[in-house]
Structures are given as structure tokens and as C-alpha cells.
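Here the sequence shown stands for residues 275 to 739, numbered as in the numbering used here.
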Amino acid sequence: MSERRRDPAKKSWAEPWKVKMVEPARQLAPELLRERIRDAGYNTFLLRSEDVYIDLLTDSGASAMSDYQWAGLMLGDEAYAGSRNFYHLEANVQKFYGYTYVVPTHQGRGAEHLVSKVYIKKGDFVPGNMYFTTTRIHQELAGGTFVDVIVDEASDPQSLHPFKGNVDLQKLEDLLKKKGQNCIPYVSLAATVNMAGGQPVSMQNAREIRALCDRYGVPVLLDATRAVENAYFIQQRETGYGEKKVADILREFCSYTDGAWMSAKKDSLVNIGGWLALNDAEKFGEAQNLVVVYEGLHTYGGLAGRDMEAMARGIEESVEEDHIRARVGQVEYLGQKLLGWDVPIVLPVGGHAVFLDAKRFYPHIPQERFPAQTLAAEIYREAGVRTMERGILSAGRDPQTGLNRFPGLELVRAALPRRVYTQAHMDVATEAIEEVHWNRARARGLRMVYEPKYLRFFQARFEPV
Ligand code: F0G
Numbered sequence: 275m276s277e278r279r280r281d282p283a284k285k286s287w288a289e290p291w292k293v294k295m296v297e298p299a300r301q302l303a304p305e306l307l308r309e310r311i312r313d314a315g316y317n318t319f320l321l322r323s324e325d326v327y328i329d330l331l332t333d334s335g336a337s338a339m340s341d342y343q344w345a346g347l348m349l350g351d352e353a354y355a356g357s358r359n360f361y362h363l364e365a366n367v368q369k370f371y372g373y374t375y376v377v378p379t380h381q382g383r384g385a386e387h388l389v390s391k392v393y394i395k396k397g398d399f400v401p402g403n404m405y406f407t408t409t410r411i412h413q414e415l416a417g418g419t420f421v422d423v424i425v426d427e428a429s430d431p432q433s434l435h436p437f438k439g440n441v442d443l444q445k446l447e448d449l450l451k452k453k454g455q456n457c458i459p460y461v462s463l464a465a466t467v468n469m470a471g472g473q474p475v476s477m478q479n480a481r482e483i484r485a486l487c488d489r490y491g492v493p494v495l496l497d498a499t500r501a502v503e504n505a506y507f508i509q510q511r512e513t514g515y516g517e518k519k520v521a522d523i524l525r526e527f528c529s530y531t532d533g534a535w536m537s538a539k540k541d542s543l544v545n546i547g548g549w550l551a552l553n554d555a556e557k558f559g560e561a562q563n564l565v566v567v568y569e570g571l572h573t574y575g576g577l578a579g580r581d582m583e584a585m586a587r588g589i590e591e592s593v594e595e596d597h598i599r600a601r602v603g604q605v606e607y608l609g610q611k612l613l614g615w616d617v618p619i620v621l622p623v624g625g626h627a628v629f630l631d632a633k634r635f636y637p638h639i640p641q642e643r644f645p646a647q648t649l650a651a652e653i654y655r656e657a658g659v660r661t662m663e664r665g666i667l668s669a670g671r672d673p674q675t676g677l678n679r680f681p682g683l684e685l686v687r688a689a690l691p692r693r694v695y696t697q698a699h700m701d702v703a704t705e706a707i708e709e710v711h712w713n714r715a716r717a718r719g720l721r722m723v724y725e726p727k728y729l730r731f732f733q734a735r736f737e738p739v
């Protein structure tokens with residue numbers, strides 16, 4: 275008998291870790307689920323975590339740290355100034371991302387605040403590949419106006435474009451010509467693009483943005499929050515990168531930019547932390563000065579020494595090939611499973627989350643009645659699975675006119691924390707969403723009864739229509 279060998283491409287894979295410690299999670303009875311979501315004003319941000327069974331609210335700060343990271347916590351150097359953990363973090367940002375100067379911040383928006391203050395003046399325009407909530411509000415608070423220059427495919431949930439996060443170079447050049455480089459402090463490039471569905475930017479696009487911006491003398495700054503996931507997509511999808519290491523792809527990608535801000539709560543596998551990194555010595559000097567005002571001394575930026583150590587170690591783990599493959603692979607598994615049940619989702623499946631297309635899910639609910647918010651509430655009520663709205667509520671109001679923005683995408687995000695849930699959790703979540711889909715005609719939408727001024731999606735309250 276000849277020896278049998280399975281095709282390596284068809285072999286199953288499993289997570290490159292095993293569980294060492296567990297945290298109980300329970301599913302409430304149906305009547306309690308109904309009560310809890312009503313008490314939370316139909317806003318999943320206002321639920322207590324204890325009342326959530328499978329928490330797909332965000333991949334931010336909710337990942338599981340490794341034993342290597344936990345061991346690092348014990349090596350925290352809690353000196354006010356010059357903690358050795360800062361130098362470890364600085365060295366790893368330099369090594370893996372390639373930037374020269376590093377300022378630690380308590381999380382991503384701390385870095386967004388600093389970078390916006392350092393670069394933007396009143397009346398500026400900031401082009402970027404789709405807005406992100408916290409990024410844009412800091413740009414606006416600093417006096418800037420965000421201008422979306424993402425490719426049109428990004429707003430089409432069914433387009434199979436492999437790099438839906440790309441910048442449309444024509445839109446960018448038109449803006450550079452129309453406003454002049456003096457009013458454009460930098461290009462705000464995010465990779466991957468969260469609000470488009472976790473969609474990547476290609477290496478070629480990054481190279482072309484660099485070349486265009488060089489002609490106009492405008493810097494390119496990167497939101498590096500999920501740049502490792504972006505590098506993985508480049509490896510999987512872009513010609514010439516299939517044999518390259520994710521770590522090398524990340525370095526090359528960053529080399530086309532002049533600096534980056536980071537929410538380390540995502541790619542870098544920590545519960546808290548972030549940084550701003552710049553190659554421009556003068557701008558760095560300003561940021562290093564401002565961090566003292568808003569976050570803490572420039573060698574801790576609002577973090578404990580142990581947090582910086584966990585972050586330094588998380589960066590190393592984040593670019594390991596088997597880690598990133600399993601991470602994005604789990605998201606793909608959930609996406610394919612939902613597709614199998616004909617649940618409308620954004621394609622291709624993104625890097626950190628599966629995005630449900632609420633416009634197609636609830637075609638009978640107009641956008642003013644918050645179809646995505648309704649869907650997130652229904653999914654919780656079905657099985658205690660928590661997701662989040664990414665549609666008209668998240669888009670907020672235009673600061674000039676005060677009117678609601680009506681985004682092209684009306685989505686619900688099921689984001690996967692890293693290394694936290696198993697395939698069985700994905701199966702249960704899928705069944706819950708499928709059940710809600712089956713009963714979709716019964717949903718009526720929501721009315722907002724409390725609306726906070728800033729980032730309203732976090733604290734808004736609703737009643738059923
Ligand atoms: N940039 C991107 C692309 C993000 O996704 C986030 C956070 C930030 C910046 C801000 O970082 O939260 O550390 O202050 N996204 C979270 C999410 C909130 O759920 O997607 P932060």
C-alpha cells in the first residue's frame with residue numbers, strides 16, 4: 275500500500291497556543307437578555323460585561339496576553355523617569371516599524387490627540403482613507419476638516435476588490451491641487467481600514483501615495499493600529515509578497531510613511547497602551563513636549579512600566595507567522611460560516627472583524643431608524659452575543675451644519691479579540707445571528723432618546739419604534 279499524504283493546503287490548522295487560565299462566561303436566560311438590553315437603552319456599549327456571553331464588541335484591549343507578556347509585567351520598572359521598559363518599547367517600535375522617535379501614550383487616541391495638535395492648524399484639510407471615529411474627532415478639534423479619499427469600492431459591501439482600503443490617487447491629487455499643500459498637513463493613511471470592514475491597503479498603493487506626496491511635499495502618517503493584519507493581507511494577496519515574511523512586509527509598508535500613531539490594544543496584544551512615532555526631529559520635539567501636558571512624562575505617557583513591557587513583548591509576538599495566520603484565519607472562519615447561512619456581510623472578510631450589512635439585512639428599516647443599532651441589539655437579545663453599530667450612529671453629525679451624516683455603509687461589527695475565543699464560540703455566534711436573520715421581518719428600528727455631543731455611539735440611548 276502506498277503511503278497517504280494529505281495536500282498541505284487542505285490540512286486543518288489550529289491555534290498556535292493552548293489555554294492556561296480560564297475566565298467563566300455564562301449565557302443569561304432569554305427574559306434576562308431582553309431586560310438587560312432594554313435597561314441599556316438598546317446600546318451594546320451600555321451593557322455590563324458580566325451579562326455578555328460572547329463579547330465581539332471590539333478587538334481593542336480585549337485580547338489574551340501570553341505567558342511571555344505576563345512574565346514581562348513582573349519586570350515592570352515603575353520609576354517615574356527613564357523606565358527600562360520604555361527603552362525596550364522604543365527599541366521594538368524602531369526595529370519592527372522602523373521609525374526613529376517614539377512617544378508612549380495611554381492608548382491610540384492619546385497619540386491621535388498629540389499628532390493632530392502638532393500638525394494641524396485651523397482651516398486645514400486632512401485627506402484620509404475613510405474616517406475613523408476617534409481619529410477624525412481629534413483632527414476636527416485641532417481645527418481640521420477630514421476629507422475622504424478612499425477608493426469607491428470601499429463603500430460597496432459586495433465589491434471583491436482585494437485592497438478596498440486603498441487611497442484613490444486621483445481624489446488625493448485633486449485635493450492637493452485644489453487646496454494647495456500649505457493647507458494639507460499630512461495624509462492620514464489607515465491600514466487596515468476599520469470602518470470599511472477591516473480592509474487592507476496594498477503595498478503598491480502605499481508606494482504611490484508616497485511618490486505623489488513627495489511631489490507636493492506633504493508627509494504621510496500611518497494609523498498603524500492593525501498594520502500587522504494589513505501586512506498579512508499583502509502577503510496573501512499581492513503579487514511578489516507571497517514568500518516574504520509578515521515582519522519584513524510591515525517594515526517595508528511603514529518605510530513609505532513619515533510616522534505613525536498606534537493603538538497597541540489591537541495588533542500588539544495588550545490591554546492598554548499606544549504610541550506615536552515620527553521621523554521628523556522637530557515635530558517629535560513638539561510631541562514629546564505636549565505628551566507631558568496631556569499624558570505623562572515622555573518615558574511613560576500615561577502607562578505603567580509593566581504596561582510598556584507587555585507592549586514591547588506583544589509587538590514581537592504580533593508578527594509571528596503562525597499567530598497572524600490563526601488570528602485572521604479565525605475571522606475568515608466566522609465570515610465563511612455566516613455566508614453559508616446567506617447572512618449578508620461585507621466582502622472580502624476583513625482582518626479583525628466580520629461586518630454584517632444592515633442595509634441588506636433590514637431593507638425595510640430606513641437609515642434614520644438605525645438599522646445597524648437595531649441589529650446589534652437583536653443579536654444580544656438572541657444569545658448574549660455583543661457586537662457594535664458602525665453606521666449612521668457612529669458617523670455622527672456634521673460639525674458645520676449639525677445634520678446627521680448618512681454614511682454609505684450601515685454595518686454591525688462582530689470583532690474578534692485575539693486568542694480569546696474558540697471555534698465553538700464562533701459556531702454559537704453564527705447560530706444566533708442566523709436566528710435573528712430568520713426573524714428579520716419583525717424588526718422595526720429604534721428612536722434615539724438621548725444623544726451625547728461627542729462620539730455619540732458610546733453613550734446614546736434608544737427606544738423601540
Ligand atoms: N485607530 C483605529 C483604526 C482604531 O480602530 C482605534 C480604536 C483607534 C485608532 C483609537 O485607539 O481605542 O486605543 O484610543 N478602535 C477601537 C475599536 C475603539 O473598537 O475599533 P484607542
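Even for Gly, the Cβ is constructed at its ideal location relative to N, Cα and C.
Inset, instruction - May I have the straight-line CA-CA distance separating residue 662 from residue 613, to the nearest angstrom? - result: 19 Å
Legend entry - Proximity winner among 596, 697, 593, 561, relative to residue 385 (alpha-carbon distances): 561
Inset, instruction - Would you kindly work out how many angstroms separate the C-alpha atoms of residue 436 and residue 426, rounded to a whole number? - result: 13 Å
Legend entry - Proximity below 7 Å, CB of residue 621 to CB of residue 434: yes
Inset, instruction - Figure out for me which residue from 424, 353, 455, 640 has the closest Cα to the Cα of residue 394. - result: 455
Inset, instruction - Report back the beta-carbon spacing between residue 553 and residue 532 to the nearest angstrom; my notes put them in contact at under 8 Å. - result: 5 Å
Legend entry - Residue nearest to residue 707 in terms of C-alpha spacing, selected from 680, 543, 718, 657: 657
Inset, instruction - Pick out the complete alpha helix (DSSP H) segments inside the stretch 591-676, 4 residues or longer, and give them in chain order. - result: 595-614, 632-635, 645-657, 666-669
Legend entry - Per-residue DSSP class, three states only, for residue 714: helix
Inset, instruction - Can you list the residues near the ligand F0G, meaning Cβ strictly closer than 6 Å to any non-hydrogen atom, in the order they appear in the chain? - result: 332, 334, 381, 382, 383, 406, 408, 409, 464, 468, 497, 499, 537, 539, 548
Legend entry - DSSP-derived helix/strand/coil call for residue 455: helix
Legend entry - Cβ neighbours of residue 400 in the same chain (closer than 6 Å, five flanking residues each side left out): 413, 418, 420, 462
Legend entry - Close-in-space but distant-in-sequence residues of the same chain around residue 383 (CB under 6 Å, 5 per side omitted): 408
Inset, instruction - Go ahead and pull the three-state DSSP assignment for residue 536. - result: strand
Inset, instruction - Give me the Cβ distance between residue 686 and residue 729, rounded to the nearest whole Å; I'm assuming they're in contact under 8 Å. - result: The Cβ separation is near 18 Å, so there is no contact.
Inset, instruction - Sort 307, 327, 288, 305 by Cα distance to residue 219 and report the nearest one. - result: Nothing about residue 219 can be read from this structure; the chain reaches only from 275 to 739.
Inset, instruction - Answer with buried or exposed for residue 559, where buried requires no fewer than 16 other C-beta atoms within 10 angstroms of its C-beta. - result: exposed
Inset, instruction - Please report how far the alpha carbon of residue 643 lies from the alpha carbon of residue 492, in whole angstroms. - result: 41 Å
Inset, instruction - Report buried or exposed for residue 574, applying the criterion of at least 16 other Cβ atoms within 10 angstroms of its Cβ. - result: buried
Inset, instruction - Output the distance between the C-alpha atoms of residue 468 and residue 279, rounded to the nearest integer angstrom. - result: 40 Å
Inset, instruction - Tell me, please, whether the CB atom of residue 592 is closer than 7 Å to any CB atom in chain C? - result: Of the protein chains in this structure there is only one, and it is not chain C.
Inset, instruction - Label residue 502 either buried or exposed according to how many other C-beta atoms from any shown protein chain fall within 10 Å of its C-beta, with 16 as the threshold for buried. - result: buried
Inset, instruction - Give every residue of the same chain whose Cβ lies closer than 7 Å to the Cβ of residue 655, excluding the five residues on either side of it in the sequence, and list them in chain order. - result: 307, 308, 311
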